[in-house]
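Residues -26 to -1, 1 to 276 (mature numbering (1 follows the signal peptide of the UniProt record, and there is no 0)) are what the sequence shown spells out, left to right. We put the CB at the ideal spot given by N, CA and C, even for glycine.
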Amino acid sequence: MARLLLPPILLVAGLLVVSSAGVAEAAWWSGWRWDCLFPGRGRGHGHGQGYRQSQSHSKVASIVTEAMYNSFFLHKDDAACPAHGFYNYTSFIEAAEMFPEFCADGDLATRKREAAAFMAQISHETTGGWATAPDGPFAWGLCFKEERNPPSDYCDKTNTEWPCVQNKSYHGRGPIQLSWNYNYGPAGKALGFDGLRNPEVVAGDPVVAFKTALWFWMTPRAPKPSCHDVMAGHYQPSYADLAANRTAGFGLTTNIINGGIECGPNGNVAPVNDRIGFFRRYCGMLGVDVGPNLDCADQKPY
Ligand SMILES: *[C@@H]1O[C@H](CO)[C@@H](O)[C@H](O)[C@H]1NC(C)=O
Ligand SMILES: *[C@@H]1O[C@H](CO)[C@@H](O)[C@H](O)[C@H]1NC(C)=O
Ligand SMILES: *[C@@H]1O[C@H](CO)[C@@H](O)[C@H](O)[C@H]1NC(C)=O
C-alpha cells in the first residue's frame, strides 16, 4: 500500500512485501506433484511438450500489438525503472508462442479481457507507480524485474521434491515475481531450465521471464483453476467454490494469485484496488468491458 505513495526510488524497499507474496504465499503449491500439474506427461523432458505447439502465431499478438504494449507500459524503459530495456515486446510474443491457448479462447471480447487481466496482474507485481506518478499510477507496470532486498532466500526446506541448492535465492523475479523453490523447480522443469540451480535466468532472459509468468497463468493447481480458465470461460465452480463466492471474473484471478492476503472480509484492499486500476485502464484501451466480480472481498480465499 505504502508503495503507491512513494516515488520509485523509495518504493524499492517496500516493493513486493505484498506482491512477492502473490506467488510467495503459495504454500498451496508445496506437495503438489508434477504429474498432478501436468497429467499424462512423462518426467524428465525438456521444452514444454505439455503444451500444444503453435502452428501459427500466438493469438495474443493480434490483440496486444506492439503499439498497444508500449502504451500499456509507458514507463518500463525509463531510467528510473530497474527493469528498463528488459521487457521488450519481441520477448513477450516469443514466450507466448509456447502457450497457444493464451488469449485464444472465446469471442474477441473474452480474449481481450484475458489479455487485460494478465497484463494487469503482472503490472501490479512489478509496478513502479505511485498515486501522483506521471501518466497516473497505472502507467508504471513492468518497472521491476527482481525483488529488491528480499527478506529471505525463499527456501522452503521442508519441500524435498524441489530441494534448494546451496547459496541460491528463490526471491521474486520476472513479470509474475516467481518465488520459492517449489515454484522455481516446476516452472523450470516445464520451461526447459534448471530452476533450482539457475533461478537467476528468470531475471536474466526476458523470454524465460515472460514464460514463467505465462506458465503461472496457464497452469491449474487444484483446488485452484488456472487464471486462464477463469478469464477464458472454462471455469466450472464446484459446490465448495459456489459456497465461497468464487465465481468467474478478474477478482478470482486475484484470489488465485494472492487470495490468502487480499481476499475475504479481512483482505488487504489496497493491492486489490491497484490490480483493478491496471485492469480498468487496459480494458479501456482495448475497448472491452471489465466484466463481473472485479474484487474478491466477498470471496473466501483458497
Ligand atoms: C529484446 O530482448 C532480447 C533478449 O534480450 C534481445 O535479443 C532483443 O534484441 C531485444 N529486442 C529489442 C527490439 O530490443
Ligand atoms: C556458499 O557461500 C559460502 C559463503 O560465501 C561459500 O563459502 C561456499 O563455498 C558457497 N558454497 C557453494 C556450494 O557455492
Ligand atoms: C458471499 O457473499 C455474500 C455477499 O454477497 C456474503 O454475505 C457472504 O458472506 C459471502 N460468503 C462467503 C463464504 O464469504
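Nonlocal neighbours in the same chain, by C-beta distance under 7 angstroms from residue i, ignoring five residues either side
{"i": "R87", "result": "M205, C257, V262, G265"}
{"i": "residue 356", "result": "The structure shown does not extend to residue 356, since the chain is modelled only from -26 through 276, so no value can be given for it."}
{"i": "D51", "result": "H58, G59"}
{"i": "A94", "result": "R249, F252, F253, Y256"}
Which of helix, strand or coil DSSP assigns to residue i
{"i": "L152", "result": "strand"}
{"i": "R220", "result": "coil"}
{"i": "R147", "result": "strand"}
{"i": "E120", "result": "strand"}
{"i": "D127", "result": "coil"}
{"i": "G110", "result": "coil"}
{"i": "G159", "result": "helix"}
{"i": "S32", "result": "coil"}
{"i": "P245", "result": "helix"}
{"i": "C237", "result": "coil"}
{"i": "R254", "result": "helix"}
{"i": "F46", "result": "helix"}
{"i": "A177", "result": "helix"}
{"i": "H98", "result": "helix"}
{"i": "E40", "result": "helix"}
{"i": "residue 335", "result": "Here the chain covers residues -26 to 276 and nothing more, so residue 335 does not appear."}
{"i": "L260", "result": "helix"}
{"i": "V(-15)", "result": "Its pLDDT being 36, under 50, V(-15) is placed unreliably in this model, and the value from its coordinates should be taken loosely. Residue state, collapsed to three classes: helix."}
{"i": "A57", "result": "coil"}
{"i": "A164", "result": "helix"}
{"i": "A(-1)", "result": "Note that A(-1) scores 25 on pLDDT, short of 50, meaning its location in the model is unreliable and no value can be drawn from it."}
{"i": "D9", "result": "Low confidence applies here, because D9 scores a pLDDT of 23, under 50, leaving its location unreliable; read the following figure in that light. Looking at D9 - three-state DSSP - the assignment turns out to be helix."}
Nonlocal neighbours in the same chain, by C-beta distance under 6 angstroms from residue i, ignoring five residues either side
{"i": "D248", "result": "H98"}
{"i": "F190", "result": "I150"}
{"i": "K198", "result": "I230, Y276"}
{"i": "G162", "result": "D168, G169"}
{"i": "G225", "result": "N267, L268, D269, C270"}
{"i": "G159", "result": "W136, G169, L170"}
{"i": "R255", "result": "F112"}
Sequence-distant residues of its chain with Cβ nearer than 8 angstroms to residue i (five each side left out)
{"i": "F76", "result": "S32, K33, V34, A70, E88, F92, L188, W191, M192, H202"}
{"i": "G241", "result": "G233, I235, C270, A271, P275"}
{"i": "G207", "result": "D79, G80, T84, A222"}
{"i": "T186", "result": "R147, G148, P149, I150, L152, A161, L165, V176"}
is_contact[residue i, chain D] using C-beta, thresh 8 angstroms
{"i": "T106", "result": "Chain labels in this structure do not include chain D; a single protein chain is all it has."}
Point to revise | Residues surrounding ligand 1 [beta-carbon distance to nearest heavy atom under 6 angstroms] | key: Spelled out in chain order, the answer is N62, T64, S65, P180.
Check your understanding: Can you list, in chain order, the stretches of the alpha helix (DSSP H) that have 4 or more residues and sit fully within the stretch 182 to 234?
Key -> 201 to 206, 213 to 217
Review point. Does the stretch 268 to 275 come within contact of the stretch 118 to 130, defined as at least 3 CB pairs closer than 8 angstroms?
Key: no
Check your understanding: Between the stretch 31 to 44 and the stretch 63 to 72, do three or more beta carbon pairs fall short of 8 angstroms?
Key -> yes
**Study point:** Exercise answer, beta-carbon shell around ligand 2 heavy atoms below 5 angstroms
**Key:** Q140, N141
**Study point:** Unbroken stretches of the alpha helix (DSSP H), 4 residues or longer, contained in the stretch 61 to 91
**Key:** 63 to 70
Practice item. Decide if the stretch 152 to 166 is in contact with the stretch 127 to 136; the criterion is three or more beta carbon pairs, one per stretch, under 8 angstroms apart. Key: yes
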